[in-house]
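Here is the structure we will look at.
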Ligand code: ADP
Ligand code: MG
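Residue numbers (the working numbering): -3 to 256.
And the structure:
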């Protein structure tokens, strides 16, 4: 049995002010085993965030079921950690307090909380900044803090919605290596949404592409490159080949989306 099972999941939003209902996602099947790293690629508006939000329990499927460890998802829970594109740190808490927030909520003993928090401050490279306020951090640092906060709760599944979308290319590339390094070490189950093809291939064990609105899964492509991966992989011929294949697939979708 898969760790995470998305079966026949669709989402139709009711029309606004008498308008027609919007099908954001057509019935979708996707299964993740423990430690899978799946990236989801697709044109804007194809339902990527909607799918992720339903896995997070922040939205409810119109049809179908999502099960985690055999249990139906009915709402948000500590077994799923989410990281969004925009910075969602608590502005009134320091880096250290942000990372420890979920653990304190759970009522973990203070000593244990401290130990976990210190581990993740180091793992995301925020040592020296642990007492800073989010507003005094760069965008990349804020996202590192958001990732540390999600991981500190030890979720079964980590959900990331275009987490590096607002960062400059150089920072983005470093963040990809940082997150992948953590995954290589901790082996988490991850769904990572992006519209960046290179990022999707670099990070993934499997790349899921989605069709233009109304979204559905178009293809699932295994990524065979060994770990640990570094940025040099991006200039390997096999990497370019895979990126080109996905580029062509998505071009067709982008054209369809632009015409819709
Ligand atoms: P993506 O993340 O792939 O860009 P979304 O999942 O955000 O796409 O949106 C998919 C479609 O569903 C879009 O057409 C969007 O306008 C629509 N949609 C998303 N959320 C809502 C909502 N709460 N109410 C109505 N329509 C929505
Ligand atoms: Mg989105």
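Heads up, the beta-carbon is just placed ideally off N, CA and C, and yes, glycines get one too. Here the structure is a predicted model, which is why all the values come from computation and not from measurement.
Excluding residues up to 5 positions away in sequence, 6, 210, 211 and 212 lie with their Cβ nearer than 7 Å to the Cβ of residue 22 in the same chain.
Counted as a single uninterrupted DSSP element, the stretch harbouring residue 209 is not any alpha helix (DSSP H), since DSSP gives it neither H nor E. Uninterrupted beta strand (DSSP E) stretches at least 3 residues long and entirely within the segment 101 to 179 occur at 153 to 157, given in chain order. Distance from the C-beta of residue 141 to the nearest heavy atom of the ligand ADP is not below 7 Å. For residue 20, the enclosing beta strand (DSSP E) begins and ends at 18 to 28. Beta bridge pairing from DSSP links residue 6 with 59. Under the 8 Å Cβ criterion, the segment 139 to 154 does not count as touching the segment 192 to 208, having fewer than three qualifying pairs.
Positions of the beta strand (DSSP E) runs, each at least 3 residues long and wholly inside the segment 33 to 83, are given as 33 to 37, 59 to 64 and 76 to 79 in order along the chain.
With a cut-off of 8 Å on Cβ pairs, the segment 179 to 198 is in contact with the segment 148 to 162, counting three or more such pairs.
Relative to the ligand ADP, the nearest heavy atom lies less than 7 Å away from the CB of residue 38. Here DSSP, grouped into helix, strand and coil, assigns residue 243 to helix. Distances taken from the Cβ of residue 46 to the heavy atoms of the ligand ADP include one shorter than 7 Å. Here residue 48 is actually not in contact with residue 246; their C-beta atoms are around 18 Å apart, not less than 8 Å. Taking the C-beta atoms as reference points, residue 81 is found nearer than 8 Å to residue 161. Here residue 112 is not near residue 126, since their CB atoms are 8 Å or more apart. Residue 9 is classed as exposed because its beta carbon has fewer than 16 other beta carbons within 10 Å across all chains shown.
Bounds of any beta strand (DSSP E) do not take in residue 219, whose DSSP letter is neither H nor E.
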